[in-house]
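Protein sequence lines, in the order shown, are assigned to chains W and C.
Just so we're aligned: 224 in the numbering used here is position 224 of the first sequence, and the numbers increase by one with no gaps anywhere.
To convert, take the position in the second sequence, counting from 1, and add 249; that gives the numbering used here.
C-beta: ideal position from N, C-alpha, C; glycine also.
None of these values were measured; they are calculated from a predicted model.
Number of protein chains: 2
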Amino acid sequence: MTNETIALQLAHRTIRAYKDQPLTEAEVATLMDVARHTATSSYLQSCTILHITDPQVREAIGAASGQPYVGGTKGDLFIFLVDLYRNSRIRAEQGISSEALSSMNLFLTGAEDALLAAQNVVVAAESMGLGTVYLGSILADPRSVVQALKLPELTFPIVGLLMGHPDQEPGQKPRLPLSVMTATNTYPHVESYTEALADYDREVSEYYDLRSGSRLESFTHLVGTSIGVGGAHVSPIAQVLHEQGLCLR
Amino acid sequence: MTNETIALQLAHRTIRAYKDQPLTEAEVATLMDVARHTATSSYLQSCTILHITDPQVREAIGAASGQPYVGGTKGDLFIFLVDLYRNSRIRAEQGISSEALSSMNLFLTGAEDALLAAQNVVVAAESMGLGTVYLGSILADPRSVVQALKLPELTFPIVGLLMGHPDQEPGQKPRLPLSVMTATNTYPHVESYTEALADYDREVSEYYDLRSGSRLESFTHLVGTSIGVGGAHVSPIAQVLHEQGLCLR
Chain W
1 MTNETIALQL
11 AHRTIRAYKD
21 QPLTEAEVAT
31 LMDVARHTAT
41 SSYLQSCTIL
51 HITDPQVREA
61 IGAASGQPYV
71 GGTKGDLFIF
81 LVDLYRNSRI
91 RAEQGISSEA
101 LSSMNLFLTG
111 AEDALLAAQN
121 VVVAAESMGL
131 GTVYLGSILA
141 DPRSVVQALK
151 LPELTFPIVG
161 LLMGHPDQEP
171 GQKPRLPLSV
181 MTATNTYPHV
191 ESYTEALADY
201 DREVSEYYDL
211 RSGSRLESFT
221 HLVGTSIGVG
231 GAHVSPIAQV
241 LHEQGLCLR
Chain C
250 MTNETIALQL
260 AHRTIRAYKD
270 QPLTEAEVAT
280 LMDVARHTAT
290 SSYLQSCTIL
300 HITDPQVREA
310 IGAASGQPYV
320 GGTKGDLFIF
330 LVDLYRNSRI
340 RAEQGISSEA
350 LSSMNLFLTG
360 AEDALLAAQN
370 VVVAAESMGL
380 GTVYLGSILA
390 DPRSVVQALK
400 LPELTFPIVG
410 LLMGHPDQEP
420 GQKPRLPLSV
430 MTATNTYPHV
440 ESYTEALADY
450 DREVSEYYDL
460 RSGSRLESFT
470 HLVGTSIGVG
480 GAHVSPIAQV
490 LHEQGLCLR
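So, in structure tokens, the structure goes:
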């Protein structure tokens with residue numbers, strides 16, 4: 001039950017170190033063409049993708065993210081926008097109001113378009129031998145990203161994506177067992193997650209132990225300590241969405 | 250600049266009619282394994298996937314979606330959940346509060362996990378010769394979906410996905426030109442979208458004309474008339490998110 005595409009997907013790992021070799025124009029064109037052919041909610045195509053090539057813009061986004069490898073020159077940086085602005089302009093040119101675009105509902109269709117397109121691009125990039133890393137970290141300071149990209153109302157930078165030629169070979173981080181992550185028909189009853197995840201916790205600890213030789217970390221400990229702490233977890237995302245005219249109702 | 254995976258992605262089209270041949274257990278296992286290996290925000294794995302095999306549950310979701318092919322028996326139905334509940338339980342077992350999980354920020358990390366996993370599954374399914382259709386329509390009545398799936402607090406059904414053996418060969422719906430959907434560094438200035446999209450509007454009209462022989466529809470006309478009308482566009486999504494304890498701040 002496997003093939004080349006699936007083998008690639010099962011081998012996915014995050015790459016954060018890249019060689020000093022930018023993507024070619026042809027590679028970028030192919031990746032954007034894949035994005036364009038992704039499914040889109042209600043055919044509204046509420047997504048725009050920016051390729052960041054200006055070092056100053058990139059430094060601003062690197063600073064917003066708080067991660068050193070986001071700035072700098074290695075790898076090619078793309079920002080996926082929820083874009084309801086284009087459709088509001090199309091409506092305005094027909095004399096039609098765009099009040100509906102400020103709802104949570106329409107924001108979610110745009111987030112869906114942008115995130116599905118991003119994952120489609122990731123699979124295509126990996127099939128070309130490139131490495132990828134999602135940058136949820138750009139949301140640690142979304143207002144600075146909005147300013148750096150000169151984003152109009154009704155747009156929002158939902159995720160960044162860095163892609164390039166890998167300069168590292170990291171191990172694969174263990175994922176939750178399917179018995180916990182999937183179920184049939186209704187939400188599964190689990191008596192004790194501590195018990196259900198004991199084996200998985202050991203697997204995660206071994207992974208960290210092999211990598212760092214010191215850090216002893218389990219999944220349940222990480223969930224207990226890292227949620228709501230720092231970066232995008234405590235950033236003013238809701239406020240900036242509202243400033244952009246999104247999710248108002 | 251192409252390969253088997255990319256050729257497949259560029260040939261994507263939505264399939265809504267399926268043969269009466271369910272997925273095998275091995276196929277489902279492979280697809281879920283691909284979901285599990287998708288990138289995850291902050292390693293929190295805030296996503297759970299339900300496979301709907303009970304005809305009554307499926308009928309309830311079909312009714313909520315308002316689309317006849319969502320109920321019934323053809324194709325296999327999956328619901329992708331934003332799941333912050335599992336991590337709240339893991340924290341509760343350690344005596345730690347989960348107030349942070351009610352923020353927009355954490356909801357977005359869960360939406361990201363669920364939507365990236367869904368698109369990874371779509372690419373894998375298409376590589377196996379299966380057809381797929383996203384069901385944003387399940388959000389036309391999210392409260393009924395929450396009830397049918399017996400979803401606990403801090404979970405939300407972000408998207409449905411129907412997959413199966415195609416029983417139709419639809420044409421490929423034309424997408425926005427890359428000159429409009431992508432740009433470099435900053436949000437692009439477009440003087441008139443009516444002009445910029447004139448050729449694309451003609452392409453879309455020809456597509457509809459060939460399909461139906463009657464309906465004359467352009468992209469800009471659709472954007473002018475369909476946004477905020479019916480189904481998921483006018484459903485109480487924000488209210489149900491709040492009822493689930495999500496996006497409270």
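Runs of alpha helix (DSSP H) lying entirely within the stretch 250-307 of chain C, each at least 4 residues, in chain order
253-259, 274-285
Can you confirm whether C/Ile339, when its beta carbon is compared against all beta carbons of chain W, has any partner nearer than 8 angstroms?
By this cut-off, C/Ile339 is an interface position.
Residues of the stretch 402-422 of chain C with a CB closer than 9 angstroms to any CB of chain W: list them in chain order, please.
Thr404, Ile407, Val408, Gln421, Lys422
Inspect the CB distances between the stretch 392-404 of chain C and the stretch 319-335 of chain C and report whether three or more fall short of 8 angstroms.
Yes, they touch.
Helix, strand or coil for C/Pro415? Go by DSSP, reduced to three states.
strand
Span of the beta strand (DSSP E) holding C/Glu362?
Contrary to the premise, residue 362 of chain C reads as Asp rather than Glu in this sequence. Here C/Asp362 belongs to no beta strand (DSSP E); instead the alpha helix (DSSP H) covers 353-376.
For C/Pro391, three-class secondary structure by DSSP
helix
Buried or exposed: W/Glu25, going by 16 or more other Cβ atoms within 10 Å of its Cβ?
W/Glu25 should be labelled exposed.
For C/Tyr383, which residues does DSSP report across the bridge?
Answer is C/Leu410.
DSSP three-state assignment for C/Val478, whether helix, strand or coil
coil
Whole-angstrom distance between W/Gly136 and W/Leu176, CA atom to CA atom:
20 angstroms
Taking DSSP as the reference, what is the three-state secondary structure of W/Ile96?
coil
What separation, rounded to the nearest whole angstrom, lies between the Cα atoms of W/Thr182 and C/Thr297?
In a straight line, the C-alpha of W/Thr182 is about 6 angstroms away from that of C/Thr297.
Work out the CA separation of C/Tyr457 and C/Arg265 for me, nearest whole Å.
17 angstroms
Taking the beta carbon of C/Thr279 as the centre, do at least 16 other beta carbons fall within 10 Å, making it buried, or is it exposed?
buried
Quick check on C/Ser454 - is its C-beta less than 8 angstroms from some C-beta in chain W?
no
Mind listing the chain W neighbours of C/Ile301? Cutoff is C-beta to C-beta under 9 angstroms, in chain order.
Thr184, Asn185
Relative to the alpha-carbon of W/Thr40, which residue among W/Thr109, W/Glu4, W/His221 has its alpha-carbon at the smallest distance?
W/Thr109
Taking all protein chains shown into account, decide if W/Gly131 is buried (16 or more other Cβ within 10 angstroms of its Cβ) or exposed.
W/Gly131 is classed as buried because its beta carbon has at least 16 other beta carbons within 10 Å across all chains shown.
Return the Cβ separation of W/Leu101 and W/Ser88 in integer angstroms, given the expectation that the two are a contact with Cβ distance under 8 angstroms.
5 angstroms
With a threshold of 16 other CB atoms inside 10 Å of the CB of W/Asp76, please say whether the residue is buried or exposed.
buried
For the stretch 408-417 of chain C and the stretch 363-376 of chain C, state whether three or more C-beta atom pairs, one from each stretch, are separated by less than 8 angstroms.
Segments in contact, yes.
Partners in chain C for W/Asp33, counting only beta-carbon separations shorter than 8 angstroms:
Residues of chain C passing the Cβ test: Leu259, Leu427.
Report yes if the C-beta distance between C/Ala309 and C/Ala397 is below 8 angstroms; otherwise report no.
yes
In angstroms, rounded to a whole number, what distance separates the CA positions of W/Ser205 and W/Arg211?
The straight-line gap from Cα to Cα measures roughly 10 angstroms.
Distance between C/Gln305 and W/Ala140 (C-alpha atoms, nearest Å)
43 angstroms
Compute the Euclidean distance between the alpha carbons of W/Val234 and C/Gly378, then round it to the nearest angstrom.
For W/Val234 and C/Gly378, the distance between alpha carbons rounds to 43 angstroms.
Can you give me the C-alpha to C-alpha distance between W/Phe219 and C/Ser347, rounded to a whole angstrom?
16 angstroms
Run through chain W and tell me which residues come within less than 8 angstroms of C/Lys399, C-beta to C-beta.
Thr186, Tyr187
Identity of the residues DSSP links to C/Thr431 by a beta bridge:
W/Ile49
Less than 8 angstroms between the C-beta atoms of C/Gln343 and W/Gly224, yes or no?
With contacts defined by Cβ atoms closer than 8 angstroms, C/Gln343 and W/Gly224 form a contacting pair.
For W/Gln239, does the count of other Cβ atoms within 10 angstroms reach 16, so buried, or fall short, so exposed?
Residue environment for W/Gln239: exposed (fewer than 16 other C-beta atoms within 10 angstroms of its C-beta).
Excluding the five sequence neighbours on either side, which residues of its own chain have a C-beta within less than 6 angstroms of the C-beta of W/Cys247, listed in chain order?
Met104, Phe107, Leu241
Could you give the DSSP three-state label for W/Leu176: helix, strand or coil?
coil
W/Leu210, DSSP secondary structure in three states:
helix
Residues in the stretch 122-147 of chain W with C-beta within 9 angstroms of chain C's C-beta atoms, listed in sequence order?
Only those residues of the stretch 122-147 of chain W whose C-beta falls short of 9 angstroms from the nearest C-beta of chain C are listed: Val122, Val123, Ala124, Glu126, Ser127, Met128, Thr132, Val133, Tyr134, Gly136, Leu139.
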